[in-house]
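Protein chains in written order, with our numbering: chain A, 17 to 131; chain B, 6 to 117. Just so you know, even glycine gets a beta-carbon here, dropped at the ideal spot from N, CA and C. Predicted, not measured: the structure shown is a model, and the values here were computed from it. Here is the structure we will look at, set down as structure tokens.
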Amino acid sequence: DTEVTQTPKHLVMGMTNKKSLKCEQHMGHRAMYWYKQKAKKPPELMFVYSYEKLSINESVPSRFSPECPNSSLLNLHLHALQPEDSALYLCASSQDWPQRNEKLFFGSGTQLSVL
Amino acid sequence: DAKTTQPNSMESNEEEPVHLPCNHSTISGTDYIHWYRQLPSQGPEYVIHGLTSNVNNRMASLAIAEDRKSSTLILHRATLRDAAVYYCILSSEKGGSEKLVFGKGTKLTVNP
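Below you can see the structure in the form of structure tokens.
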């Protein structure tokens, strides 16, 4: 199983809502990532978890709150988002981190629209 | 973060080879060169990566210049399914933090 599964595939939320994005992998990977991708732009790194600990936070606003309950699961909790936060949110995993020789496995993403 | 430069777009014909260039003149000695591609409505997909020597796998070949300041991704026979945005990425180490920072990528169009 070389799959990274993200749910939901689509999400529409208002600015006062609280929602969560979920990501799951069963490849035994110990590193997991959140990326954000605006339309027609490259993915931008948000967070890196290694062995369930937050290792990188790319100065992401606190309205995005990541959580790694165990090595297979990664959540992104959303609260009080702005319309400009509308984007494709991608989860990825790799065997280990930091390793320059690692390859990332990406999910298909959650397309988020904030109204 | 280490920078890469790629053409915005390229076009190819089906069943012909495609050479996708990437310049990375500021590469450091220990940076790996990674290639990912992203098909429409999907997440990025790993293609290939290398350090100094040319690399081959079932998807593509990676040719790395001797001075490592440029590289070329080679698709030996393009198919319609290869139409995607191709990203050339350097693994970037900063303050002990290792990460892949995506550049703008090359949009490849494959004509039937």
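CB contact check: B:Y91 to chain A, cutoff 8 Å:
No - not a single Cβ of chain A is within 8 Å of the one on B:Y91.
Beta-carbon contacts of A:S129 that lie in its chain and below 6 Å, excluding the five residues immediately before and after
Within the same chain, V28, S102 come within 6 Å of A:S129 by CB-CB distance, once the 5 residues on both sides are set aside.
Using 10 angstroms around the beta-carbon of B:D72, count the other beta-carbons present and answer buried if the total reaches 16, otherwise exposed.
Result: exposed.
How about B:S46: is its Cβ closer than 7 Å to a heavy atom in the ligand ATP?
As presented, the structure is devoid of all ligands, the ligand ATP included, so that no description of it is given.
Quick check on DSSP: helix, strand or coil for B:P45?
Coil.
Using a C-beta to C-beta distance shorter than 8 Å, which residues of chain A count as neighbours of B:E103?
For the C-beta of B:E103, the chain A residues within less than 8 Å are, from N- to C-terminus, W113, P114, Q115, R116.
Round the Cβ separation of B:A68 and B:T77 to the nearest angstrom and send it over; I've been treating them as touching at under 8 Å.
About 5 Å separates the two Cβ atoms, so the contact holds.
Endpoints, beta strand (DSSP E) assigned at A:E100:
For A:E100, there is no enclosing beta strand (DSSP E), as DSSP marks it with neither H nor E.
Under the DSSP definition of a beta bridge, which residues are partnered with A:N91?
Per DSSP, A:K38, A:E83.
Name, please, each residue of chain B whose Cβ falls closer than 7 Å to the Cβ of A:K119.
Taking the beta carbon of A:K119 as reference, the chain B residues within 7 Å of it are Y51, H54, listed in sequence order.
Any beta-carbon of chain A closer than 8 Å to the one on B:K74?
Interface flag for B:K74 against chain A is unset, since no Cβ pair is found closer than 8 Å.
Please name the residue in A:L131, A:Q53, A:L120, A:S124 whose C-alpha comes closest to that of A:A47.
Selected option, being the one with the closest Cα: A:L120.
Residue closest to A:A96, alpha-carbon to alpha-carbon, out of A:Q22, A:T21, A:H26, A:S36:
Minimum Cα distance to A:A96 is reached at A:S36.
Looking at A:M124: is its Cβ nearer than 8 Å to the Cβ of A:M43?
Looking at the sequence itself, residue 124 of chain A is Ser, so the reference to Met does not match. No, these two residues do not count as a Cβ contact at 8 Å.
Starting from A:E60, trace the beta strand (DSSP E) both ways and give me its first and last residue.
Boundaries of the beta strand (DSSP E) around A:E60: 60-66.
Could you tell me whether the Cβ of B:T111 comes closer than 8 Å to any Cβ of chain A?
No, B:T111 does not count as interfacial toward chain A.
Going straight from the alpha carbon of A:Q22 to that of B:N13, what length do you get?
Rounded to the nearest angstrom, the two C-alpha atoms are 29 Å apart.
Unbroken beta strand (DSSP E) run spanning B:E50, endpoints:
Here the beta strand (DSSP E) through B:E50 covers 50-55.
Strictly by DSSP, which residues pair up with A:Q53?
Paired residue(s): A:L104.
Quick test of your reading: B:V90 and B:Q47, contact by CB under 8 Å. State the CB separation rounded to the nearest angstrom.
Not quite, the Cβ-Cβ distance comes to about 10 Å (not below 8 Å), so this is no contact.
Determine the direct distance from the alpha carbon of B:S97 to that of A:D112, and round the result to whole angstroms.
Cα to Cα, A:D112 sits roughly 15 Å from B:S97.
Using the beta-carbon of each residue, which ones in chain A are nearer than 7 Å to B:T57?
What B:T57 touches in chain A: nothing, since even the nearest Cβ is about 12 Å away.
Quick one: which chain A residues come within Cβ less than 8 Å of B:V60?
By Cβ distance, chain A contributes nothing, its closest Cβ being about 12 Å from B:V60, past 8 Å.
Give me the chain A residues within the contact set of B:Q47, using Cβ-Cβ distance strictly less than 7 Å, ordered along the chain.
Contacts between B:Q47 and chain A, judged by CB atoms closer than 7 Å, involve S124 in chain order.
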